[in-house]
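Chemist:
In our numbering, the protein residues as written are 29 to 657.
Following this line, the structure appears as structure tokens:
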């Protein structure tokens, strides 16, 4: 890198009032315009870099730009890059830290060519004189193109656009438009080669192997090339022409709906700058693309794996990595990356291969067909490899797998809440959907047995969201929910340590007939929350407490809230022997009221239908007392 100190020539500035048109578009009379183009530039604080560039270029004996632009008998239109524009130019050039680094005659001549590309001779063209797509021939010899869409801008041969920040600055020998970018002629591109960086859009335009990508960007949305010319930074996975030919097959670009094509292309754009070394160091994982996900504000995920090259979604491999641009980086890939559904993501991630194997066991396509459905959104809790190694169950594996699927909702981690908000696709013997308990107190945990693994949350597909988890979520029993939900911690203590003579935990986990004790599932449990036990004067001794707990369980029936008599009463026998009476609707905030065996009527059901595989739980706000006289 050249390290020659940057020393600006001190110029005598003339204090003037800016000579521009007023708010009504009226220009000042000629008598008020007293400075030529060079003098106007010298007098402006936002054009000091332009003045310095002119002086540096004129150090070559071949150039006299200042003399030319001071000529009183000539007329010019000058597209004057601002100070920030020159700063950005130097950032694009390898080997040039300042304008002083143009220290050889050849480099000064090159700088002169760049500056001359900003000058049109023979006319003073105000902004109102310019028209869209008008070609302006510059003093340097090449054209710049005018764009009037969204304001006045000028486009160079590389497709880079410079917007006018301040138009119509009058001088005695012409007019100046201050622009936010230095325009680059082809001659400078040829001379500087790879030392000159371009925006992602301009880089793609210049690469003949990416012409299909450029055509697709233009066909999908006229704004996409402009977006990828913006500040960024972006990482673009750029399919080669051959990749697009394979993707299209017998179709033409015009055969693909523009909204679909736009999302496919955005699926190749990752916000931020991600070099291939970043991916290799990580090994594998997920990034978010710019394609829209099924949840508001979400973006489609993309899986990368560097075990054998750099591969995205197991379909597209990087051929040419790390093509630098001013606003990001390009990786040329060998295949177009389609928009992934949940099945596509599962197939792409080798850490989910055990799950995929079970889902497709024996050629069964039930799950893959279901989770490929684009008409319904899903949330899938996907056990990673190894989760099934020591897993044993008495339940059928297909139903266990369906217990990891929520149909009808795509829930990001930010949309999850502690509680029973999500009902899974699994069902009990009566066809009731099984509940899933989510606890966010320490990470994201399901039914007290399975947690989202690091980096496994929010894998977004077109038809839902995957969360990778560290354990299989079996069909829950009544015991599962009682243990998992901290609101029932006192109840669990009462069922276990306080009543060691009765195997309540084992009983309420039964999924088939008991051992001749007539305590058979399914169970309907009216579960007192912790506050209900705290309201007691004291916890009864084991003998009484055992009868109290049995009074909260109805055996041999899965009684959901919809099974109760509406606007009336329902009686149910408990395992203790006494009847309880449930009245709908309840009073105050209660969903329903209960009269227990002792005749107390101030007991309320406050939450209903926590559905397990062997029964259902309804939470109550007071402990029920049987008739123990």
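Just so you know, even glycine gets a beta-carbon here, dropped at the ideal spot from N, CA and C.
1) Tell whether a beta-carbon distance below 9 angstroms holds between residue 371 and residue 428.
2) How would you label residue 572, buried or exposed, when you count the other beta carbons within 10 angstroms and need 16 or more for buried?
3) In whole angstroms, give me the CA-to-CA distance for residue 629 and residue 471.
4) In three-state DSSP terms, what is residue 318?
5) For residue 143 and residue 81, I'd like the C-alpha separation in whole angstroms.
6) Look up residue 648 in the DSSP assignment and say whether it is helix, strand or coil.
7) If you compare alpha carbons, which of 646, 339, 580 and 434 is closest to residue 509?
8) Quick check on the DSSP output: the alpha helix (DSSP H) that includes residue 134 runs from which residue to which?
9) Buried or exposed for residue 197, please, with buried defined as at least 16 other CB atoms from any protein chain shown within 10 angstroms of its CB.
10) Just the C-alpha distance for residue 533 and residue 309, rounded to the nearest angstrom, thanks.
11) Decide yes or no for the touch test of the stretch 583-596 against the stretch 556-567: beta carbon pairs closer than 8 angstroms, at least 3 of them.
12) Which same chain residues end up closer than 6 angstroms to residue 167 when comparing Cβ atoms and leaving out the 5 residues on each side of it in sequence?
13) So what does DSSP say about residue 173, is it helix, strand or coil?
14) Identify the residues that DSSP records as bridge partners of residue 359: which are they?
15) Which of the three DSSP states, helix, strand or coil, is assigned to residue 70?
16) Under the three-state reduction of DSSP, which class applies to residue 491: helix, strand or coil?
17) By how many angstroms is the C-alpha of residue 161 removed from the C-alpha of residue 205?
18) If you follow the alpha helix (DSSP H) that residue 426 is in, where does it begin and where does it stop?
19) I want to know whether the stretch 332-343 touches the stretch 238-256 - three or more CB-CB distances under 8 angstroms.
20) Leaving out five residues before and five after residue 594 in sequence, what residues of the same chain have Cβ atoms less than 6 angstroms from its Cβ?
21) To the nearest angstrom, how far is it from the Cα of residue 320 to the Cα of residue 458?
22) Quick check: what's the CA-CA separation for residue 86 versus residue 279?
23) How would you call residue 218, buried or exposed, if buried means at least 16 neighbouring beta carbons within 10 angstroms?
24) Distance check for residue 181 and residue 71, CA to CA, integer angstroms please.
25) Which residue from 224, 453, 340 and 346 puts its Cα closest to that of residue 120?
Modeler: Considering the structure as presented:
1) As a position in the chain shown, residue 371 is number 343, starting the count at 1. As a position in the chain shown, residue 428 is number 400, starting the count at 1. Taking 9 angstroms as the Cβ cut-off, residue 371 and residue 428 do not qualify as a contacting pair.
2) As a working mapping, residue 572 is identified with position 544 in the chain shown. With fewer than 16 Cβ atoms within 10 Å of its Cβ, residue 572 is classed as exposed.
3) Within the chain shown, numbered from 1, the residue matching residue 629 stands at position 601. Within the chain shown, numbered from 1, the residue matching residue 471 stands at position 443. Note on geometry: alpha-carbon atoms of residue 629 and residue 471 lie some 40 angstroms from one another.
4) Counted from its first residue, the chain shown places residue 318 at position 290. Looking at residue 318 - three-state DSSP - the assignment turns out to be strand.
5) Numbered from 1 along the chain shown, position 115 holds the residue referred to as residue 143. Numbered from 1 along the chain shown, position 53 holds the residue referred to as residue 81. Their backbone Cα atoms lie some 8 angstroms apart in a straight line.
6) Counting from one through the chain shown, the residue named residue 648 turns up at place 620. In this structure, residue 648 counts as strand in the three-state DSSP scheme.
7) Against the chain shown, residue 509 aligns to sequence position 481. Closest by alpha carbon: 646.
8) For the purposes of this step, residue 134 is taken as the residue at position 106 of the chain shown. Per DSSP, residue 134 is one residue of the alpha helix (DSSP H) stretching across 133-144.
9) Here residue 197 is taken as the residue at index 169 of the chain shown, counted from 1. The C-beta of residue 197 has 16 or more other C-beta atoms within 10 Å across all chains shown, which makes the residue buried.
10) As a first step, residue 533 is located in the chain shown; it is residue number 505 there, counting from the start. As a first step, residue 309 is located in the chain shown; it is residue number 281 there, counting from the start. Residue 533 and residue 309 have their alpha carbons spaced roughly 48 angstroms apart.
11) With fewer than three CB-CB distances shorter than 8 angstroms, the stretch 583-596 does not count as touching the stretch 556-567.
12) In the chain shown, the residue the question calls residue 167 occupies position 139. Setting aside the 5 residues that flank it on each side, residue 167 is surrounded in the same chain by 144, 147 and 149, each with a C-beta closer than 6 angstroms to its C-beta; the list follows chain order.
13) Here residue 173 is taken as the residue at index 145 of the chain shown, counted from 1. In the three-state reduction of the DSSP assignment, residue 173 falls in the strand class, which pools E and B.
14) In the chain shown, the residue the question calls residue 359 occupies position 331. Per DSSP, 265.
15) For the purposes of this step, residue 70 is taken as residue 42 along the chain shown, with counting starting at 1. Residue 70 falls in the helix class under three-state DSSP.
16) Along the chain shown, read from residue 1 onward, the residue named residue 491 stands at position 463. In this structure, residue 491 counts as coil in the three-state DSSP scheme.
17) Position 177 of the chain shown, counted from the start, is the residue given in the question as residue 205. Position 133 of the chain shown, counted from the start, is the residue given in the question as residue 161. Taking the straight line joining both Cα atoms gives about 17 angstroms.
18) The residue you call residue 426 lines up with position 398 of the chain shown. Going by DSSP, residue 426 is part of the alpha helix (DSSP H) stretching over 425-430.
19) No, because fewer than three Cβ pairs between the stretch 332-343 and the stretch 238-256 fall closer than 8 angstroms, the two stretches do not touch.
20) Here residue 594 refers to the residue found at position 566 of the chain shown. Excluding positions up to five away in sequence, the list reads 612.
21) Position 292 of the chain shown, counted from the first residue, corresponds to residue 320. Position 430 of the chain shown, counted from the first residue, corresponds to residue 458. Counting only the Cα atoms, residue 458 lies some 39 angstroms from residue 320.
22) Here residue 86 is taken as the residue at index 58 of the chain shown, counted from 1. Here residue 279 is taken as the residue at index 251 of the chain shown, counted from 1. One alpha carbon belongs to residue 86, the other to residue 279, and they sit about 55 angstroms apart.
23) By one-based count along the chain shown, residue 218 stands at place 190. Exposed, by the Cβ-count rule.
24) Here residue 71 refers to the residue found at position 43 of the chain shown. Here residue 181 refers to the residue found at position 153 of the chain shown. So the alpha carbons of these two residues sit roughly 24 angstroms apart.
25) Counting from 1 along the chain shown, the entry for residue 120 is found at position 92. For the residues 224, 453, 340 and 346, the minimum Cα distance to residue 120 belongs to 224.
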